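Taking it in order: structure first as structure tokens, then the write-up.
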Amino acid sequence: MKQTISRALLVALLTGSAATAHADPAADGLMLAQRKNCMACHAVGKPLMGPSFHDIAGKYGARADAADYLAQSIVKGSVGLWGGVPMPANTQLTSVEAHTLAQWVLSLR
Numbered sequence: 000m001k002q003t004i005s006r007a008l009l010v011a012l013l014t015g016s017a018a019t020a021h022a023d024p025a026a027d028g029l030m031l032a033q034r035k036n037c038m039a040c041h042a043v044g045k046p047l048m049g050p051s052f053h054d055i056a057g058k059y060g061a062r063a064d065a066a067d068y069l070a071q072s073i074v075k076g077s078v079g080l081w082g083g084v085p086m087p088a089n090t091q092l093t094s095v096e097a098h099t100l101a102q103w104v105l106s107l108r
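Using numbering that gives the first Met the number 0, read the sequence shown as starting at 0 and increasing by one per residue.
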């Protein structure tokens with residue numbers, strides 16, 4: 000009986016923490032951008048070395064393939080889309096992380 004209660008408690012805790020971890024996609028996207036050093040060149044509301052995330056969302060948000068396009072640009076990098084400073088490839092990101100970042104950026108539109 001004690002073992003059954005312990006298992007039930009463990010399942011409840013794990014399920015609750017998984018739901019909490021994904022309760023705020025905007026916070027998840029911002030934290031991912033901070034952890035993966037995106038903020039070294041980008042900011043949410045103003046351009047730095049690269050364009051602001053708001054500007055990126057405004058430019059690409061109407062595209063039907065916007066999330067896929069941005070995720071690919073994040074991973075592979077780009078040249079000449081926002082002036083003379085190239086965006087380097089970010090090969091440390093997984094495909095899921097790149098799509099999470101892309102969807103977060105697009106949510107800022």
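Glycine included, every Cβ here is placed at the ideal spot set by N, Cα and C.
Treat the numbers as computed from the prediction; the structure is a model and nothing was measured.
Could you round the C-beta distance between W103 and L29 to whole angstroms and report it? I think they count as a contact, below 8 angstroms. By one-based count along the sequence shown, residue 103 stands at place 104. By one-based count along the sequence shown, residue 29 stands at place 30. Taking the Cβ atoms as the reference, W103 lies roughly 7 angstroms from L29, within the contact range of under 8 angstroms.
May I ask whether a heavy atom of the ligand HEM can be found less than 7 angstroms away from the beta carbon of W103? Questions concerning the ligand HEM fall outside what the structure shown contains, since it holds no ligand whatsoever.
List the whole-angstrom C-beta distance separating V74 from A97, where the pair is believed to meet the contact cut-off of C-beta under 8 angstroms. As a first step, residue 74 is located in the sequence shown; it is residue number 75 there, counting from the start. As a first step, residue 97 is located in the sequence shown; it is residue number 98 there, counting from the start. Indeed they touch by this definition, with Cβ atoms about 5 angstroms apart.
With DSSP collapsed to three states, give me the class of M38. Here residue 38 refers to the residue found at position 39 of the sequence shown. In this structure, M38 counts as helix in the three-state DSSP scheme.
Do you know offhand how far D64's Cα is from A39's? Your numbering for residue 64 matches position 65 in the sequence shown. Your numbering for residue 39 matches position 40 in the sequence shown. One C-alpha to the other measures close to 26 angstroms.
Inter-residue spacing [alpha-carbon to alpha-carbon] between P85 and I55: Reading the sequence shown from its first residue, position 86 is the one you call residue 85. Reading the sequence shown from its first residue, position 56 is the one you call residue 55. P85 and I55 have their C-alpha atoms some 15 angstroms from each other.
From this set, A61, L69, G49 and S51, which residue's C-alpha is nearest V95's C-alpha? Here residue 95 is taken as the residue at index 96 of the sequence shown, counted from 1. The shortest Cα separation from V95 among A61, L69, G49 and S51 belongs to L69.
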